[in-house]
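Q:
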């Protein structure tokens, strides 16, 4: 499994399939010079989620805990 799919799978684990709906499946997850980014439907700008896979998972966990449109 590549890191992009690992992040997508982790997103489903955090939020659950009902919470994700089609948004998680259609989320754009990519890596550029600044690190990992997540662009979900309904949000204009991508979210910076971290430079490493562990940082990305930590950011997603924090966003989900705060309810930042993820759950």
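In the working numbering, the protein residues as written are 20 to 90.
Glycine included, each C-beta is placed from N, C-alpha and C at the ideal position.
As the structure is a computational prediction, the values presented were derived from the model and not from experiment.
Please return the same chain residues whose Cβ sits closer than 7 Å to the Cβ of residue 23, not counting the five positions on each side in sequence.
A: Hits under 7 Å: 48.
Q: Let me confirm a value: residue 69 is counted as buried when at least 16 other C-beta atoms fall within 10 Å, else exposed. Which label applies?
A: It counts as buried.
Q: In terms of residues, what are the limits of the alpha helix (DSSP H) holding residue 73?
A: Note, residue 73: alpha helix (DSSP H), 72-85.
Q: What three-state label does DSSP hand residue 47 in the structure shown?
A: Residue 47: strand per DSSP, three-state reduction.
Q: The beta strand (DSSP E) with residue 69 in it runs from where to where?
A: Counting along the chain, the beta strand (DSSP E) containing residue 69 begins and ends at 66-69.
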